[in-house]
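J.: As you go down the protein sequences, you meet chains A and B in turn.
Using the numbering used here, the first residue of the first sequence is number 1, and each one after it goes up by one.
Using the numbering used here, the first residue of the second sequence is number 1001, and each one after it goes up by one.
First the structure, then my questions, so here it is.
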Amino acid sequence: MHWLKKKKMKQDNALKKVLDARDKGDLPYGFESRMMNKVMLEAIRKRKRINFFAFSLVSAVSLFLIVGTVFLLKYYFQVDLTLSEKPIKFSPESYAIFGFYFYIAFLVLILLGIDAFFRSLKHKSEES
Amino acid sequence: MEQQYELDYIKRILEGETVLFSTFLQRYSRSIHSMIIRIVPCREDAEELTQDTFLKAFKKLDTYKGDCSFSTWLYRIAYNTAISATRKKRIVYPALGENLINNVPDDAIDALLNKEDDEALFQKLEQTINLLNVEDRALITLYYSEEKSVSEVASILQLTPENVKVKLFRVRKKIYALVKKEEDETR
């Protein structure tokens, strides 16, 4: 390939000149920032895909373990897994403290709601 | 940016610092776009293909192992993206007989392609380049315009350096044959 060997002398200047003169077409203003937005969106999508995959994997493994355990207990260890349903009976004394239980449960719900509200406020202020 | 720095940046991007990808965009977007627009001479298509190139690069960033420079890897993605986009359009390029190409004398090619200040020739060359197929156009763009070495071009086009040399040699012959063919037709 004699032409490449003497490349230093022969640069194919005419061809190079024509190629250099061809439209280089500058990228439009804001191309990089628009591109970065797309990349960021893709990164979010990628993270969601990974999370979904991890969640699916954990779910599948958990299901497999549960099914395996049930199978093992029932068919290998011959454990009786039928649940005996005993009717729940409330004594007259227990009725008296139901009101108090409801009051405590209501308070807990209110406090959890307030906590969630302040957390979201803090999150929003951090984002902005 | 040294390759080690680029590898560090890639590692950090993969760990979640997505914003660092802008460094690669700032550094390579113009050169990648400039190569694509020379292969695909439509501004809108070239811009879209540049976007596709960077998105593909970001998606496949974990497959970059550092066995070649990051720019070579990026150019390879850009080349493949541009080639597949043009293949979909099924453009038919003029065919030249093997004999016609093989019988071109080397000295005549050297003389033609090294002429200085011959505007008529430049115009003919411009028209001839448009008649070349995309692969050939990409090859001469990378070698002459982007000034990549034969081994870099080989890495981008996924060919051996010897193969690149043979192809370059043939493209020069093809250009010469096309210029002469056009001259004969205009006479």
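The beta carbon of each residue, even a glycine, is placed where N, CA and C say it ideally should be.
Owing to the predicted nature of the structure, the values given are computational and were not obtained by experimental measurement.
Assuming B:Y1028 contacts B:S1071 (C-beta within less than 8 angstroms), just tell me the rounded distance between them.
T.: With 8 angstroms as the limit, B:Y1028 and B:S1071 qualify as a contact, their Cβ atoms being about 6 angstroms apart.
J.: What are the residues in the region 29 to 44 of chain A lying within 7 angstroms of chain B by C-beta distance?
T.: Answer in chain order: F31, E32, M35, M36, K38, V39, M40, E42, A43.
J.: Nearest to B:R1268 by alpha carbon, out of B:P1105, B:E1152, B:I1036, B:C1068?
T.: Residue 1268 of chain B lies beyond the residue range present for chain B, which begins at 1001 and ends at 1187; the question has no answer from this structure.
J.: Mind checking whether B:R954 and A:R22 have CB atoms under 7 angstroms apart?
T.: Chain B is shown from 1001 up to 1187; residue 954 of chain B falls before or after that span and cannot be answered.
J.: Check whether the region 1016 to 1032 of chain B and the region 30 to 38 of chain A are in contact - that is, three or more C-beta pairs closer than 8 angstroms.
T.: They touch, by the three-pair rule.
J.: For a contact meaning CB atoms closer than 9 angstroms, what does B:K1115 contact in chain A?
T.: N13, A14, listed in chain order.
J.: List the endpoints of the continuous alpha helix (DSSP H) containing A:L19.
T.: Residues 13 to 21.
J.: What runs of the beta strand (DSSP E), each 3 residues or longer, lie entirely inside the region 1111 to 1161 of chain B?
T.: None, since the region 1111 to 1161 of chain B contains no complete beta strand (DSSP E) of that length.
J.: Given a limit of 9 angstroms on CB to CB distance, which residues of the region 45 to 58 of chain A reach chain B?
T.: Hits within the stretch, in order: K46, R47.
J.: Excluding the 5 residues flanking A:M9 on each side, which residues of the same chain have their C-beta closer than 8 angstroms to its C-beta?
T.: For A:M9, the predicted structure reports a pLDDT of 39, less than 50, and the residue's modelled location is therefore unreliable. A value from the coordinates is still provided. Nothing listed; no residue qualifies.
J.: Would you kindly report the start and end of the unbroken alpha helix (DSSP H) that includes A:F71?
T.: Where A:F71 is concerned, the enclosing alpha helix (DSSP H) stretches over 31 to 71.
J.: Looking at the C-beta of A:G25, does it have a partner C-beta in chain B at a distance below 7 angstroms?
T.: Judged by the 7 angstroms Cβ criterion, A:G25 is in contact with chain B.
J.: Does any residue of chain B have a CB that is nearer than 7 angstroms to the CB of A:V18?
T.: For A:V18, the answer is yes, since a Cβ of chain B falls inside 7 angstroms of its Cβ.
J.: Kindly say whether B:E951, judged by its beta-carbon, lies nearer than 7 angstroms to any beta-carbon of chain A.
T.: Residue 951 of chain B is absent from the structure shown; chain B starts at 1001 and stops at 1187.
J.: Would you kindly work out how many angstroms separate the C-alpha atoms of A:L63 and A:S56, rounded to a whole number?
T.: Distance between the alpha carbons of A:L63 and A:S56 is about 10 angstroms.
J.: Taking the straight line between their C-alpha atoms, what separation do you get for B:T1080 and B:E1152?
T.: Going by the sequence as given, residue 1080 of chain B is Asn instead of Thr. About 15 angstroms.
J.: Report, in whole angstroms, the separation of the C-beta atoms of B:C1068 and B:S1155, which I expect to be a contact under 8 angstroms.
T.: Sure, about 5 angstroms apart at Cβ, within 8 angstroms.
J.: For B:S1031, would you say it is in contact with chain A, using Cβ-to-Cβ distances shorter than 7 angstroms as the test?
T.: Not an interface residue.
J.: Buried or exposed, going by whether 16 or more other CB atoms sit within 10 Å of the CB of B:S1034?
T.: Flag for B:S1034 reads buried.
J.: At a CB-CB cut-off below 9 angstroms, which residues of chain B make contact with A:R22?
T.: I1037, R1038, P1041, E1126, I1129, T1141, S1145, listed in chain order.
J.: Anything in chain A within Cβ reach of B:F1070, meaning under 9 angstroms, just list it in chain order.
T.: In chain order: nothing, as chain A lies at least about 16 angstroms away.
J.: Is the separation between the beta-carbon of A:E42 and that of B:F1122 shorter than 7 angstroms?
T.: Going by C-beta atoms, A:E42 is not nearer than 7 angstroms to B:F1122.
J.: Could you spell out where the alpha helix (DSSP H) holding B:S1069 opens and where it closes?
T.: Element bounds for B:S1069: n/a, residue is neither H nor E.
J.: Tell me, please, whether the CB atom of B:S1151 is closer than 7 angstroms to any CB atom in chain A?
T.: Chain A, which has no Cβ nearer than 7 angstroms to the Cβ of B:S1151, makes this no.
J.: So which residues on chain A does B:L1055 lean against when the C-beta distance must stay under 9 angstroms?
T.: Per Cβ cutoff of 9 angstroms: M35, K38, V39, E42.
J.: Beta-carbon separation of B:Y1176 and B:I1109 under 7 angstroms?
T.: It is a contact, given that the beta carbons lie within the stated cut-off.
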